[in-house]
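Residue numbers (the numbering used here), protein chains in the order written: chain H, 1 to 303; chain F, 1 to 303. Beta carbons: idealized from backbone N, C-alpha and C, even for Gly.
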């Protein structure tokens with residue numbers, strides 16, 4: 001199950017109505033924080049997320065509104081007794097910043113940070129376990145910046161229960177069927193796995209893309225995802241400003257969602273010039289109907 | 001006029017009810033920020049302080065709850081168009097942390113930071129202009145930590161208006177009187193300034209002391225101040241814990257206030273084990289009556 005909670009949906013500087021970028025993703029019980037702008041630890045408290053359970057932190061890039069909350073969060077984890085290691089995936093400069101800061105402020109954390117340096121030119125697998133895999137891919141911003149694709153691994157086929165009794169299936173046979181293999185019995189009978197199993201459920205997936213210029217080819221990377229989060233810093237009437245600052249318009253994000261055939265598009269990272277987001281959402285919906293502009297606290301579920 | 005607003009009154013980690021340490025001091029129109037824990041820029045917004053006007057930032061020490069909001073605040077000042085220089089007074093390590101962070105994240109601020117390295121063994125004048133002076137002094141914490149004493153300079157004597165007409169005083173004579181000098185007229189008459197002027201108003205003063213063990217001798221440095229802010233992380237029944245962590249109890253802070261003959265004691269930096277502060281305040285009041293436990297947003301005025 002994929003459960004995504006928006007912790008901060010604004011751009012550049014935090015305000016009293018929108019925190020800066022941070023998201024909490026519970027994906028098959030993997031507890032993931034994506035970006036960590038200043039104040040993220042407070043947003044986690046506000047939305048009652050138990051932040052000591054976070055195992056993985058993915059940072060898109062080193063603009064303040066995407067990483068400055070990290071030191072406070074790690075510090076609070078330490079002060080509140082954390083002993084469990086944490087994985088941080090981020091551009092390599094962050095490791096030097098953290099080391100410098102910890103060294104010069106005499107901080108010795110009681111838990112281990114496992115730093116995974118993200119510096120790559122094409123989509124690359126950066127994490128996997130037996131349930132999910134995470135790919136990083138380059139975006140186009142003013143400084144090195146990466147998107148992340150969180151994808152469930154293909155599950156086993158489902159066994160048709162009635163067949164177990166009818167054919168007196170043994171456990172090794174069931175395991176073979178679930179893996180998509182046929183079974184040859186001692187008497188030479190071949191049992192075709194397709195007759196004993198159902199297709200596995202479609203793997204769930206989530207793509208996170210901020211901050212970036214519009215990249216047409218991104219459609220190949222985020223193709224068919226259940227949820228695409230994409231920045232929409234501006235409306236399309238500010239296309240020039242979007243290009244100049246390496247950001248995307250709502251219409252462009254919607255075009256990507258349409259071309260990539262995603263199930264749902266969620267937009268965030270709105271410029272502070274926009275008090276509310278009705279027009280941004282309308283602009284995107286004209287191109288891709290299933291679009292939502294997010295607010296802090298919003299939850300998105302894929303079952 | 002001295003106008004102090006508490007921006008954050010809690011210790012260690014920010015919560016939804018108490019920010020971490022930060023205070024905004026308007027002292028004779030000098031706009032001063034004292035400490036800058038994570039989220040300070042949001043507290044400034046919340047309490048409607050125009051943060052672009054801040055001219056001076058004083059940092060006590062480099063524990064996260066006292067300085068981690070600095071990068072976000074400076075970054076927001078930059079993004080919102082600041083061009084005016086800012087002075088930062090802090091332990092020298094902060095300069096290296098800032099330089100490292102700005103360099104590795106490609107930040108080039110549009111305004112100048114004038115860094116004043118605070119590393120000293122006794123009370124030292126670290127800033128003065130024509131109206132106020134600021135002294136730093138060492139506290140006793142687990143890492144180098146400093147208190148700050150903000151003190152108005154002695155004002156000029158007040159001229160007694162009736163005397164101007166009666167003696168047909170000229171402007172140069174008035175200036176001499178205000179400075180406390182006598183005036184000898186051309187005919188040899190000596191005019192005694194004491195007969196023409198009133199005593200200047202008592203200079204106002206504010207002392208900020210966090211985080212620290214109880215230091216008995218501090219009474220000499222903070223003697224007679226209008227307001228003493230002192231940390232009171234614990235109640236006195238946790239004296240051992242206070243000593244072990246280099247913090248102060250409410251009773252100790254009150255003892256200091258009493259010995260130093262301050263006008264008012266305000267307490268903050270409460271451990272999160274205390275949900276409310278009634279008992280802390282009662283404990284302190286038993287020793288020093290004019291005590292208040294502060295909340296975020298509280299304002300203290302000295303007219």
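Does the distance between the C-beta of residue i and the nearest non-hydrogen atom of the ligand COA fall short of 6 Å?
i	result
residue 8 of chain H	Ligands in the displayed structure: none, and consequently the ligand COA is not present.
Given a threshold of 16 other Cβ atoms within 10 Å of its Cβ, counted over all protein chains shown, does residue i qualify as buried or as exposed?
i	result
residue 35 of chain H	buried
residue 147 of chain F	buried
residue 20 of chain F	buried
residue 179 of chain H	exposed
residue 93 of chain H	buried
residue 283 of chain H	buried
residue 151 of chain F	buried
residue 60 of chain H	buried
residue 114 of chain F	exposed
residue 106 of chain F	exposed
residue 280 of chain F	buried
residue 76 of chain H	buried
residue 182 of chain H	exposed
residue 256 of chain H	buried
residue 184 of chain H	exposed
residue 199 of chain F	exposed
residue 14 of chain H	buried
residue 129 of chain H	exposed
residue 309 of chain F	For chain F, the structure presents residues 1 to 303; residue 309 of chain F sits outside this window and is missing.
Measuring CA to CA, which of the options is closest to residue i?
i	options	result
residue 208 of chain F	F/149, F/42 and F/217	F/149
residue 12 of chain H	F/5, F/56, F/68 and F/73	F/73
residue 234 of chain F	F/43, F/17 and F/293	F/293
residue 277 of chain H	H/18, H/181, H/76 and H/46	H/18
residue 100 of chain H	H/198, H/71 and H/128	H/71
residue 210 of chain F	F/97, F/47, F/297 and F/138	F/138
residue 220 of chain F	F/232, F/213 and F/261	F/261
residue 56 of chain H	H/252, H/288 and H/133	H/133
residue 95 of chain H	H/62, H/15, H/52 and H/125	H/62
residue 190 of chain F	F/202, F/295, F/177 and F/84	F/177
residue 136 of chain F	F/154, F/104, F/88 and F/249	F/88
residue 53 of chain H	H/84, H/214 and H/109	H/84
residue 250 of chain F	F/257, F/232, F/256 and F/237	F/232
residue 121 of chain F	F/91, F/4, F/86 and F/154	F/91
residue 218 of chain H	H/203, H/259 and H/125	H/259
residue 291 of chain H	H/75, H/253 and H/248	H/253
residue 26 of chain H	H/97, H/103, H/274 and H/1	H/1
residue 299 of chain F	F/16, F/15, F/22 and F/128	F/22
Of all the CB atoms in chain H, is at least one closer than 7 Å to the CB of residue i?
i	result
residue 64 of chain F	yes
residue 68 of chain F	yes
residue 268 of chain F	no
residue 271 of chain F	no
residue 295 of chain F	no
residue 93 of chain F	yes
(Q) Using a Cβ distance threshold of 8 Å, determine whether the stretch 227 to 234 of chain H contacts the stretch 265 to 276 of chain H, with at least three qualifying pairs required. (A) Because the criterion of three Cβ pairs below 8 Å is met, the stretch 227 to 234 of chain H and the stretch 265 to 276 of chain H touch.
Quick one, which residues of the stretch 39 to 61 of chain H are near chain F if we go by CB-CB under 8 Å, in chain order? 39, 41, 42, 45 and 46
Near-chain F residues of the stretch 97 to 117 of chain H - C-beta to any C-beta below 7 Å: Listed by position, the residues of the stretch 97 to 117 of chain H near chain F (Cβ gap below 7 Å) are 97, 100, 101, 104, 105 and 106.
**OP:** Can you give me, in chain order, the residues of the stretch 6 to 18 of chain H that have a beta carbon less than 9 Å from any beta carbon in chain F?
**Re:** Correct list: 12, 13, 14, 15 and 16.
Which residues, in order along the stretch 118 to 149 of chain F, keep a beta-carbon less than 8 Å from a beta-carbon of chain H?
142 and 143
*asked:* Against chain H, which members of the stretch 70 to 88 of chain F pass a CB distance test of less than 8 Å?
replied: 71, 72, 75, 76, 79 and 80
| said: Could you check whether the stretch 126 to 146 of chain F touches the stretch 164 to 182 of chain F, counting it as contact only if at least three pairs of C-beta atoms, one from each stretch, sit closer than 8 Å? | reply: no
So does the stretch 61 to 79 of chain F actually touch the stretch 28 to 47 of chain F, counting three or more Cβ pairs closer than 8 Å? Touching, yes.
- Query: Does the count of Cβ pairs from the stretch 151 to 168 of chain H and the stretch 240 to 250 of chain H closer than 8 Å reach three?
  - Reply: no
Below 8 Å, how does it come out for the stretch 40 to 54 of chain F and the stretch 4 to 11 of chain F: are there three or more Cβ pairs, yes or no? yes
- Item | the stretch 151 to 163 of chain H in contact with the stretch 195 to 207 of chain H per 3-pair CB rule at 8 Å | yes
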